[in-house]
Amino acid sequence: MIVRYLLNTLIFFLPLLLLNQLAMTCSANDSVPKITVQELKAKLDRGEDVVILDTRTGRDYADSKIKIKGAIRIPIVQLESRYRELPADREIVIY
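In terms of our numbering, the sequence shown opens at residue 1 and continues consecutively.
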């Protein structure tokens with residue numbers, strides 16, 4: 001009986017612990033600088049050499065009416081294997 005109780009408790013709390021870990025990992029990414037659309041437009045208007053990276057996946061990209069001309073498209077699920085395609089010497093803006 002105690003073993004069953006412990007097993008049920010573990011089954012209940014393990015997903016919560018995993019979700020908590022995921023949330024903590026995502027919040028660690030808050031150190032990545034963010035800019036507004038207006039700030040990006042100003043950079044482009046000034047002629048700054050900015051790479052725009054579109055990380056949307058297939059359906060999201062296909063269904064969207066908004067596509068930025070000249071953006072490099074690498075779906076987020078492929079980014080780890082394709083990051084070398086991005087220039088290392090330029091500012092990269094991801095959306």
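For each residue, glycine too, the CB sits at the ideal point set by N, CA and C.
Query, Result
"Quick check on the DSSP output: the beta strand (DSSP E) that includes L93 runs from which residue to which?", "What sits at residue 93 in the sequence shown is Val, not Leu. From DSSP, the beta strand (DSSP E) with V93 extends over E91 to I94."
"Residues in its own chain within less than 6 Å of V50 by CB, not counting five upstream and five downstream?", "K43, E91 and V93"
"Go to L86, then tell me how far its alpha helix (DSSP H) extends in each direction, as first and last residue.", "Neither: L86 is in no alpha helix (DSSP H) and is coded neither H nor E."
"Can you tell me whether L6 is buried or exposed? The criterion is at least 16 other CB atoms within 10 Å of its CB, across all chains shown.", "exposed"
"Taking DSSP as the reference, what is the three-state secondary structure of R46?", "coil"
"Please return the same chain residues whose Cβ sits closer than 6 Å to the Cβ of L53, not counting the five positions on each side in sequence.", "I72, I92 and I94"
"Report, in whole angstroms, the separation of the C-beta atoms of T55 and P75, which I expect to be a contact under 8 Å.", "6 Å"
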